[in-house]
Amino acid sequence: MPNYENIIVETPVEKVGLVRLNRPKALNALNDALMSEVHEALTGFDADSDISCMVITGNERAFAAGADIKQMSGQSHIEYMMTRSVSDNFNFTRYKKPIIAAVSGFALGGGCEMAMACDMIVASESAVFGQPEINLGILPGGGGTQRLTRAVGKALAMEIMLTDRRLSADEALKYGLVNRVVAPEIYLDEAIKLAQKVASMSQVAIRLTKDAINKAYEATLAEGLEFEKKNFILLFGTEDRQEGMTAFVEKRKPHWKNK
Ligand code: DAK
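According to numbering that gives the first Met the number 0, the sequence shown is numbered sequentially starting from 0.
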């Protein structure tokens, strides 16, 4: 395992890879070094055949309070443009395996965007979601204007991004931004449990299902339905499909081979 300075990487249970953002003094502000470590860790887990699902978390006070403003404040726009790809930071669809965000405390700006780039979000009751970039004279640049709008709808997205309205965990649940809200003591365990559930399925089926759901963000309905049909037919040819159906008929648990 590489020696990271801004994250902690663990395998808390079998088949689950955990990335902890670890700049607690800066509320896990996302600087370039941290982001490249996150991508390196996720790339490693994605390629590791012993890992089936990944979890990203912060600490109880902050998932992440956004991109590192201190780092950004000293950069010119040309420097900023040349050192990163605008669409790149939170493009987590590049990872084949599902990613779950376990969010407690502040998930602001890039922190909220990072959580939204994950496939599911488990929130602690203390979680606060927001896009306060308007206070800095900028706009959300890590996917917020697009992903938040798709998640909560235009009216609320406008209010959040134009006025820095923050969402409590319960509001985030009500508006469909998160999967569940649990007590601060158990939010990470709950996310890991959810990851274990994902990891217990046929990973071939998980992969093609994740791809098909993500297609809904990119495609017309007709294109998405066509994509779903092709993935369905592909799965029909797998040993896991045969095993899943045979196990149902024989009233037993399936033994997945991921083939
Ligand atoms: N950056 C740097 N440092 C931060 C930070 C941030 N985003 N947030 C907090 N900190 C630091 C504080 O400066 C403070 O450090 P010291 O002064 O002690 O050295 C320490 O964390 C504790 O923070 P506070 O003392 O402020 O703690 P409070 O509890 O009083 O307040 C707070 C917590 C979260 C409400 C407050 O810190 C705050 O408002 N933070 C800034 C939140 C924010 O504006 N976030 C949006 C940043 S802009 C892109 C991708 C992504 C982005 C852009 C482009 N591309 C791919 C192109 C994203 C942009 C952003 O996220």
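Yeah, the Cβ is synthetic: ideal placement off N, Cα and C, and Gly gets one too.
This structure is a prediction, so every number in the text was calculated from the model and none was measured.
Residue range of the unbroken beta strand (DSSP E) whose run includes I7: 6–12
Neighbourhood of L187 by C-beta, 7 Å cutoff - its chain only, sequence neighbours within 5 removed: T56, A101
Distance between beta carbons of K96 and F44, contact taken as under 8 Å: 7 Å
Start-to-end residues for the alpha helix (DSSP H) that takes in L26: Taken as a continuous stretch (DSSP letters only), L26 belongs to no alpha helix (DSSP H), as it is neither H nor E.
Boundaries of the alpha helix (DSSP H) in which T208 is found, first to last residue: 202–217
Segment contact, 8 Å Cβ cut-off, at least three pairs: the region 34–48 with the region 212–231: no
A156 beta carbon near the ligand DAK (any heavy atom closer than 7 Å): no
Straight-line gap, I7 to V37 (C-alpha atoms, nearest Å): 9 Å
Buried versus exposed call for E189 [16 or more other C-beta atoms within 10 Å across all chains shown]: buried
Nearest candidate by alpha-carbon position, reference I201, set Q145, K14, E222, T10: Reading off the sequence shown, one finds Ser at residue 201, where the question assumed Ile. Of Q145, K14, E222, T10, the residue nearest in Cα terms is K14.
Beta bridge counterpart(s) of S167 as assigned by DSSP: V127
Proximity of E238 and P253 at Cβ, strictly below 8 Å: no
V15 in three-state terms, based on DSSP: strand
Near the ligand DAK: D67 beta-carbon under 7 Å from a heavy atom: yes
From S123, N213, E112, P11, residue whose alpha carbon lies closest to that of P139: E112
Validate contact between the region 168–179 and the region 116–131 using beta carbons, cut 8 Å, 3 pairs: yes
Own chain, CB closer than 7 Å to A198, minus 5 neighbours either side, in chain order: K14, V15, S51, C52
Beta-carbon proximity check, E330 vs R164, cutoff 8 Å: The requested residue 330 does not occur in the structure, where the chain is confined to residues 0 to 258.
Reference M119; option with closest CA among R22, A194, K250, T245: A194
N257 versus L176: straight-line alpha-carbon distance, rounded: 31 Å
With 16 other Cβ atoms within 10 Å as the buried cut-off, status of P131: buried
Helix, strand or coil at A182 [DSSP, three-state]: coil
Presumed contact (8 Å Cβ cut-off) between L17 and P23, rounded CB distance: About 16 Å; that fails the 8 Å criterion.
Opposing strand residues paired with A101 [DSSP bridges]: T56, V121
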